[in-house]
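Participant: All residue numbers for the sequence shown refer to my numbering, where the first residue is -17 and numbers rise by one.
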Amino acid sequence: MTLLFMLFVVVAGLATVPGLHRLLVGPTLADRVIGLDLLFAIAIVLSLTAALLSQRTVFLDVAMGLAVVGFVATLAWARLIQLRAGGDSE
């Protein structure tokens, strides 16, 4: 079972490379938002893995908090992109 958790951590670690690349390089703001979204998803996976490994529910709360913050951040960035593009102000 521990081998499976180690595999989760390794895969999540490898997935941070394209996420960081997309976040730092871009080239557009939407690409950067997608990179940030990917990093939030990876952080959620790592938090859930920590919850399973340690049998502590506090990591589930962390994962839920990350999910909410990631969702709200994505909405805020989408709104900013829309306003910069001259979209509706509704």
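From the three backbone atoms N, C-alpha and C, an ideal C-beta is built for every residue, glycine too.
This one's a predicted model, so the numbers in the text were calculated from it and none came from an experiment.
#1: Span of the alpha helix (DSSP H) holding Q37?
#2: Could you check if V(-7) is buried or exposed, using at least 16 other CB atoms within 10 Å of its CB as the buried criterion?
#3: Can you have a look at S29 and say buried or exposed, based on whether 16 or more other CB atoms are within 10 angstroms of its CB?
#4: Are the Cβ atoms of I26 and T(-2) separated by less than 8 angstroms?
#5: Is there contact here, the stretch 11 to 19 with the stretch 50 to 70, by at least three beta-carbon pairs under 8 angstroms?
#6: Would you mind reading off the limits of the alpha helix (DSSP H) that contains T(-2)?
#7: Taking the straight line between their C-alpha atoms, what separation do you get for V51 and V15?
Facilitator: To lay it out plainly:
#1: Looking at the DSSP string, Q37 is not in any alpha helix (DSSP H), and its letter there is neither H nor E.
#2: V(-7) is exposed by the Cβ-count criterion.
#3: By the 16-neighbour rule on beta-carbons within 10 angstroms, S29 is buried.
#4: The Cβ atoms of I26 and T(-2) lie no closer than 8 angstroms to each other.
#5: Flag = yes, the stretch 11 to 19 and the stretch 50 to 70 touch.
#6: Per DSSP, T(-2) belongs to the alpha helix (DSSP H) from -16 to 7.
#7: Cα to Cα, the separation comes out at about 13 angstroms.
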